[in-house]
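A short write-up of the structure that comes next.
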Amino acid sequence: MNPRSEERYNVRETEAKWQAIWEERQCFHARDDDPRPKYYVLEMFPYPSGRIHMGHVRNYTLGDVVARYKRARGFAVLHPMGWDAFGLPAENAAIERGVHPAIWTRENIAAMRTQLKSMGLSYDWSRELATCEPAYYRHEQKMFLDFLKAGLVYRKESWVNWDPVEHTVLANEQVIDGRGWRSGALVEKRLLNQWFLKITAFAEDLLKGLESLDRWPDRVRLMQENWIGRSEGLRLFFDLVDRDDRLEVYTTRPDTLFGASFCAIAANHPLAGELAKTNPDLTAFIGVCNRMGTSEAALETAEKKGFATGLTARNPLVEGQELPVYVANFVLMDYGTGAIFGCPAHDQRDLDFARKYGLPVTPVVAAKDVDPASLVIGTEAYVEDGVMINSGVLNGLPVADAKARVIDLMEDRGVGQRAINYRLRDWGVSRQRYWGCPIPIIHCPQCGVVPVPAEDLPVILPEDVTFDKPGNPLDHHPTWKHVACPQCGKAARRETDTFDTFFESSWYFARFCSPTETERGFTRAAADRWMPVDQYIGGIEHAVLHLLYSRFFTRALKVCGYLSVEEPFAGLLTQGMICHETYKDADGHWLLPTDVDKRADGSAIEIDGGRPVVLGRSEKMSKSKKNVIDPAGIIATFGADTARLFMLSDSPPERDLDWTDSGIDGAFRYVNRLWRMVVDPAVNLPAPGTACPADFGPTAKKARSQTHKTVALVGEDLDRFHFNKAVARIRELSNVLAEIPATDDGAGWALREGLETLARLIGPMMPHLAEELWSALGQTTLLVDSGWPEADPALLVEDSVTLAVQVNGKLKGTVSLAKDVDTETAQAAALALPGVAALLDGKPPRKVIVVPNRIVNVVV
RNA sequence: GGGGGCGUGGCGAAAUGGUAUACGCAAGCGACUUAAAAUCGCUCGACUUCGGUCAUACGGGUUCAAGUCCCGUCGCCCCCACCA
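Following this line, the structure appears as C-alpha cells:
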C-alpha cells in the first residue's frame with residue numbers, strides 16, 4: 007500500500023495554511039488603478055450579534071464563489087466586508103448585562119471577523135468598515151444636511167407607534183399583534199415631531215427604474231412595485247353645508263360618484279380634531295380608533311365603526327345631494343387625503359359600513375348583459391367591470407369611459423383634478439434611541455431648527471451614558487444636549503434622536519469604494535470606478551425596505567453630486583433560508599438538535615434521560631425554535647470547504663436549504679475523495695507540463711472529452727448561479743476520471759489533465775482544497791492566480807450521437823448515428839428499428855418528424 | 001381581501017417543448033476486515049405474464065411530441081393588507 011494513503015486530509019492545518027498565504031500575498035486586494043474590467047460583488051453586511059449563523063455561511067459562500075470565479079475570469083474584483091453595527095440589540099445588552107453598547111459591538115465584530123476568516127472568504131479586508139465608528143457616520147450627517155439643503159428632508163408631526171413601557175417609537179415591523187415586540191405593552195399612536203426623507207419625491211422614478219433592473223428577481227421587483235403602489239384617480243372637493251370649508255377626497259372610482267351615500271374622514275383628520283374640541287363623545291371615539299389593534303386578526307374581525315359628525319357635504323356631481331360626514335375607523339390618515347366618499351354598492355368596506363348605519367345602497371355599475379332592474383346588492387359589493395346605470399349623464403358608458411368623463415367634468419368645474427397617488431410614504435428616520443448616529447440638528451428657542459455647521463461635524467455619540475432609566479440615554483445625559491446656538495449663540499438644545507439604522511445601510515456600498523476618504527464619504531472618482539454593485543447577494547427579507555431605501559438614497563446622493571449612478575445594485579440574488587427539523591419534548595418544549603438522538607427507524611429520543619422526542623417539520627433555523635446548528639462547530643470538525651460545498655450542492659441558491667447531518671457527511675466524504683484521487687492517484691501521473699501524447703485509449707479519450715465538456719458547462723452554470731448543477735457536473739467528472747484504466751494509452755496524461763481541471767473548477771467553491779490539490783499536482787503558482795481553464799472546442803464535439811426514436815410520441819428505442827447525418831438517413835435508421843417496423847406493419851408512416859441529433863418521431 | 005410562487009422517487013433535486021428521475025442523500029446486498037469504521041463494487045419510481053404497461057398533485061386543452069405552454073380544481077408556501 008502506498009504509505010501516503012494512510013495520511014488523512016488535515017482540514018484544519020491545510021485551511022489555515024492557505025488562508026495565511028492568501029493574506030500574506032494580499033491576493034484579494036482590490037486596486038483602484040487595476041486596468042482590467044471591474045466587478046463589484048457584495049453580500050449584505052451582517053449585524054454584529056456575536057456569532058455567525060448558517061444564514062451568514064450560505065450568504066457569504068455564495069458571494070465568495072462569485073468573487074473568486076470572476077477573479078479567475080480576469081476581472082478586477084472588489085469584494086469587501088463590513089459591519090452594520092448600530093442597532094437595538096447592543097442597547098438591550100447594555101440594559102441586561104451592563105456592557106456598554108460600543109464595547110459589546112466591538113467585541114462581537116472581533117469574534118465574527120475571526121469566524122468569517124476561518125471560512126476562507128476572499129475579502130479585501132483593508133476596506134473593512136463599521137457603521138458605529140465616527141469615521142463612518144460623520145459622512146452621513148453631512149449627507150443628511152446636504153439632503154436638507156436640497157429639499158429632500160423635512161420635519162413634521164406624525165402619528166407613530168409608541169411603546170409606553172420603553173418610551174420610544176417602534177417601527178411597524180417591531181409591532182406584533184398591536185404590542186411592542188420586547189415589552190409586550192399595547193402600542194399607542196402618538197403625534198411626534200420626526201425627521202422625514204422625501205422618498206415619495208422619487209416614487210415615479212423608483213417605479214420606472216425597476217424596469218431597468220433586469221438582473222433582479224421578478225418577485226422582488228413586483229414587491230417593490232406593490233409597495234410603491236401607484237394608483238390613478240381623482241382628487242376632488244366636497245363643499246361642507248353651513249361651513250366655510252370643503253372636504254378633499256381622493257378616489258380611484260370617480261365613476262361611482264352617483265352611488266355615493268356618505269363621506270368619511272380618518273380619526274386623525276384635522277377636521278375630526280377640530281370637531282372633537284367641542285364634542286367629548288367624538289374625542290372618546292377618536293381615542294378608541296387610536297388604540298385599535300393593527301394585527302391581522304384584529305383587522306379581520308374589526309367592525310366598521312363610524313361617528314356621525316352632524317356635518318353634511320354636497321356631492322359635486324349630483325345636484326342637490328347632501329351626504330352625511332362620519333369619522334370612521336377604517337379610513338387611514340396617511341393615504342390619499344385621509345377622507346373618502348363611500349359608494350356602498352361597489353366597495354365592500356363601504357357596504358359593510360352602510361348596512362350598519364342604514365345608509366342607502368344604490369348600484370351604479372352593472373355587468374354588461376344584466377338587467378339593471380333585477381340588480382340587487384345584498385351583503386356583497388359588486389366590484390367587477392361593467393356599464394354605468396342610475397348615473398344621469400354617465401348612463402350606458404363603460405366604467406373606464408365614465409371615470410375619464412367624471413374627471414373631465416370635475417376639472418372643468420374646478421372642483422377636482424386628475425391625480426396619481428402612491429401608497430409609498432416618506433421615510434421617518436428619527437428614533438428615540440442611543441445606539442445610532444446622532445441627527446446633526448440643534449433646536450434654538452430663538453432661531454428654531456438649526457443645522458450643525460459643517461465645521462462642527464461630526465456630532466459624536468457620547469460614550470458616558472447610563473441605561474438605568476427607560477427612554478433615550480441621550481435625553482438623560484447631563485451635558486451633551488446643551489449647546490450654544492450656532493446662529494445666535496444663546497443656549498440651545500441638541501436633537502437627541504438618532505437615525506434609523508437603515509440610514510447606515512443605505513450607502514455603505516459606496517463607502518467601500520473609498521473607505522478611508524475623510525472629506526465626504528467617498529470620492530466621486532472611486533464611486534464612478536466601482537459603482538454600481540454588479541452582484542448583490544442577501545436575504546429576501548430585505549426585498550423592500552433596505553433595497554428600496556438604498557435605491558432612494560443613491561438617487562438623493564446623485565442629486566447632491568456625490569455620484570453618477572441611480573441604481574446601486576445592477577444584479578441581485580436573493581438566497582433562501584436554512585431550515586432544520588424541529589424537536590419538542592413530551593411537554594411541548596423545544597429541544598436543541600444536540601440534545602436529540604436520532605435512531606435508525608426515524609424516531610428520536612432525548613440524549614439526557616432517553617424520553618421520546620416529537621419530531622416537527624423542517625423550519626427556518628431560529629433561536630426560538632432551537633433548531634439551530636452552530637457553523638463554528640461544523641467548520642472546526644469538517645472544515646470550511648465541506649460547509650461551503652454543502653451550502654452549494656443540495657439546492658439552488660434562491661430556494662430554502664434543508665440542513666441535514668448526512669448531507670454534511672456526504673460533502674466531507676467528497677472532499678476527502680478528491681484529496682485521495684490526487685495524493686494517491688490510481689494511475690501514475692506524468693510530470694507537470696509533459697507534452698500531450700498523440701494517441702489515447704478509448705476510456706482516456708472519453709475522459710478527456712468529459713473534462714473539456716465539464717469546463718464549458720460549469721462555466722455556464724456559474725455564470726447563471728446554478729451552483730448545485732455545477733457541483734453535480736464536477737462530481738460526474740470525478741466519477742469518470744476514477745474509471746480510467748491504467749492500461750489505456752495516455753491514461754496518466756488524461757488523468758492529470760482531468761485532476762488539474764478539477765482543482766481549478768472547484769477553486770471558487772472549495773478554495774483551500776483546490777490550492778492543496780493544485781500544489782500536490784506539482785504546480786508552483788497559486789491556484790487563485792492561475793485563471794480559469796479553457797475548454798478545447800475540438801474535444802467538445804461528439805462524432806456520434808444517440809437519437810431517441812418515438813412512435814406517436816412514445817419512446818420505442820434509440821439509434822446511434824454519426825453527428826449531423828441528413829434527415830433521410832436518420833429516418834431510415836429509425837424505421838428500420840424492429841419495434842418501429844412491427845408497429846408500421848408494412849404500411850408507410852403518415853408523417854416522420856426528425857429533429858437533427860435529437861429525436862425521430864414516427865406518426866402512424 | 002389583493003398580489004406572487006410552488007407541487008417530479010423514501011429524501012434534497014436534474015431536465016433550450018424532444019430518451020423524465022442527472023448528481024447526491026438514505027436504504028439494501030456484496031468485497032476488504034478477527035470486528036467495526038473508512039473505502040470499493042452492485043441494486044434502487046410502480047406494476048409485469050419480462051413482451052411490455054403506467055408514472056412529474058388532479059381534470060381538461062394546444063402540439064408530431066408537454067414535467068415544461070394554456071384553462072380549471074385541490075394542496076402547500078411567501079409578500080402586502082380596512083390603501084378608497
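No gaps in the numbering here: position 53 of the first sequence is 59 in this note's numbering, and each next residue is one more. Note that beta-carbon positions come from the ideal geometry of N, C-alpha and C, so glycine has one too. The structure presented is a predicted model; accordingly, all values stated were derived computationally and were not measured.
Spatial distance of residue i from residue j (CA atoms)
i	j	result
Gly615	Leu597	13 Å
Ala693	Phe558	58 Å
Asn633	Ala610	15 Å
His471	Ile109	Per the sequence shown, the amino acid found at residue 471 is Val instead of His. One C-alpha to the other measures close to 13 Å.
Asp725	His449	54 Å
Pro770	Ser511	27 Å
Ile641	Ala516	32 Å
Gln327	Ala497	58 Å
Leu281	Ala290	12 Å
Met627	Lys409	50 Å
As assigned by DSSP and simplified to three states, the class of residue i
i	result
Ser512	helix
Leu663	strand
Ala693	coil
Asn335	coil
Thr485	coil
Thr600	helix
Asp701	coil
Thr289	helix
Ser164	strand
Pro378	helix
Pro637	helix
Asn730	helix
Lys362	helix
Leu228	helix
Ala425	strand
Tyr388	coil
Cut-off 6 Å between Cβ atoms - residues of its own chain near residue i, not counting five sequence neighbours on either side
i	result
Asp70	Leu127 and Ser128
Thr258	Ser237 and Gly239
Gln25	Gly126
Trp222	Leu578
Asn98	none
Gly265	Cys349, Ala351, Thr368 and Val370
Thr262	Cys349, His352 and Val370
Proximity below 7 Å, CB of residue i to CB of residue j
i	j	result
Asn335	Leu329	no
Val458	Val465	yes
Ala96	Pro107	yes
Gln230	Leu554	yes
Ala319	Leu365	no
Cys453	Gln493	yes
Asn199	Glu163	yes
Val550	Trp131	no
Glu759	Thr713	yes
Gln541	Pro659	no
Ala460	Leu158	no
Ser657	Leu663	yes
Cys443	Thr504	yes
Lys821	Ala835	Rather than Lys, the amino acid found at residue 821 in this sequence is Val. In contact: Val821 and Ala835 (Cβ atoms closer than 7 Å).
Val689	Ala744	no
Ala832	Val862	yes
Contacts around residue i, its chain only, beta-carbon distance under 7 Å, and the 5 residues preceding and following it disregarded
i	result
Leu463	Arg144, Gln147, Lys148 and Pro446
Leu176	Asn167, Asp169, Gly186 and Val193
Leu775	Asp647, Val677, Leu680, Trp681 and Ile768
Val47	Gly69, Val72, Ala73, Lys76, Val83, His85, Asp540 and Gln541
Closer than 6 Å: residue i CB and nearest the ligand ZN heavy atom
i	result
Leu578	As far as ligands go, the structure on display features none, and thus does not contain the ligand ZN.
Spatial neighbours of residue i in its chain, beta-carbon cut-off 8 Å, leaving aside the 5 residues before and after
i	result
Ser570	Arg530, Ala533, Asp534, Met537 and Lys564
Cys491	Ile448, Cys450, Gln452, Cys453, Val456, Ala497 and Ala498
Three or more C-beta pairs under 8 Å: does that hold for the stretch 636-650 against the stretch 708-720? Fewer than three Cβ pairs drawn from the stretch 636-650 and the stretch 708-720 lie within less than 8 Å of each other, which leaves the two stretches out of contact.
Given 8 Å, three or more beta-carbon pairs between the stretch 805-820 and the stretch 769-785: Flag = no, the stretch 805-820 and the stretch 769-785 do not touch.
Inter-stretch contact at 8 Å, needing at least 3 Cβ pairs: the stretch 57-68 / the stretch 17-35: no
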